[in-house]
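Asker: So that we are looking at the same thing, I have put the structure below in structure tokens.
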Amino acid sequence: MSPPKDIKEVLESEVKEWHFHIYFHQKNTQEYRAALELRDAVLRLRRDGAFVAVPLFRVNTEPMGPHPVGSYEIWCPSESFASVFSYLCQNRGDLSILIHPLTKEQRNSASDKYIGKKDHETRNAWIGPPFPLDLSLLPIESDEVPLQYPSLKLGYSSTRPDLSLEERKKLGANVEEILKCEKEAAKAPKDFMQ
């Protein structure tokens with residue numbers, strides 16, 4: 001399966017919201033404390049305007065859903081993804097963090113072996129060592145993209161207008177022009193330039 005190359009298809013399928021699941025061994029007091037300190041720091045930084053990230057009110061002190069150890073969830077819109085990812089990379093300590101997109105496709109059916117398990121398996125990433133997930137506890141697909149915190153008007157609920165395809169093509173052409181002089185930058189194939 002080749003990755004899509006059509007700009008419209010790529011833009012329409014862009015992920016707008018993410019979950020970060022911070023894992024800790026629930027019987028390990030030091031990890032539990034570190035996880036709560038990280039959560040508190042994220043809440044303070046959100047309050048102070050560093051980024052938008054919303055930890056769920058609940059901290060799971062036992063395995064919950066597909067998560068095999070204690071954990072909590074942080075919702076993050078795409079507008080803050082780089083800042084939240086950067087912060088968690090640098091400040092997670094020994095904690096592991098599962099990152100996955102929020103789409104309708106939580107996992108695949110057993111008969112759909114080629115594509116994989118979607119959001120929680122093949123579309124995920126880990127900061128730190130991965131943990132095995134029990135994906136059988138997840139629905140295969142949701143009826144709609146799960147909207148969280150639409151009152152923030154971020155992520156899938158954003159009311160900001162997107163750049164038009166023409167504006168994006170102009171930006172892309174400008175980037176290519178600037179990078180012509182950069183020896184280490186790969187050049188886009190000619191068939192992409194229109």
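Note that the working numbering numbers the sequence shown so that position 10 is 10, with each residue one more than the last. The beta carbon of each residue, even a glycine, is placed where N, CA and C say it ideally should be.
Since I believe residue 129 is in contact with residue 221 (beta carbons under 8 Å), could you give me their beta-carbon distance rounded to a whole number of angstroms?
Answerer: As displayed, the chain neither begins before 1 nor continues past 194, which places residue 221 out of reach and without an answer.
Asker: Tell me the rounded alpha-carbon separation between residue 84 and residue 55.
Answerer: Your numbering for residue 84 matches position 84 in the sequence shown. Your numbering for residue 55 matches position 55 in the sequence shown. Those two C-alpha atoms are separated by around 12 Å.
Asker: Quickly, what does DSSP pair residue 60 with across the bridge? List them, please.
Answerer: Position 60 of the sequence shown, counting from 1, holds the residue named residue 60. In the DSSP output, where bridge partners are listed per residue, residue 60 has 71.
Asker: Please confirm if residue 152 has its CB atom under 9 Å from at least one CB of chain B.
Answerer: Among the chains in the structure shown there is no chain B, since it carries only a single protein chain.
Asker: If you follow the beta strand (DSSP E) that residue 125 is part of, which residue opens it and which one closes it?
Answerer: Residue mapping note: residue 125 aligns to position 125 of the sequence shown, counting from 1. Residue 125 -> beta strand (DSSP E) spans 125-127.
Asker: Going by beta carbon distance, what residues of the same chain come within less than 7 Å of residue 147, once the five residues before and after it are set aside?
Answerer: Here residue 147 refers to the residue found at position 147 of the sequence shown. Closer than 7 Å at Cβ, skipping near neighbours: 156, 157.
Asker: My assumption, with CB atoms under 8 Å, is that residue 95 sits in contact with residue 173. Please give the rounded CB distance.
Answerer: Position 95 of the sequence shown, counting from 1, holds the residue named residue 95. Position 173 of the sequence shown, counting from 1, holds the residue named residue 173. Actually they do not touch by this definition, with Cβ atoms about 43 Å apart.
Asker: Taking residue 24 and residue 65 to be in contact with their CB atoms under 8 Å, please state how far apart those CB atoms are, rounded to whole angstroms.
Answerer: Translated into the one-based positions of the sequence shown, residue 24 becomes position 24. Translated into the one-based positions of the sequence shown, residue 65 becomes position 65. In fact, because the Cβ distance is near 16 Å, the residues do not count as touching under 8 Å.
Asker: Quick one, are the C-beta atoms of residue 31 and residue 52 less than 9 Å apart?
Answerer: Position 31 of the sequence shown, counting from 1, holds the residue named residue 31. Position 52 of the sequence shown, counting from 1, holds the residue named residue 52. Contact: no.
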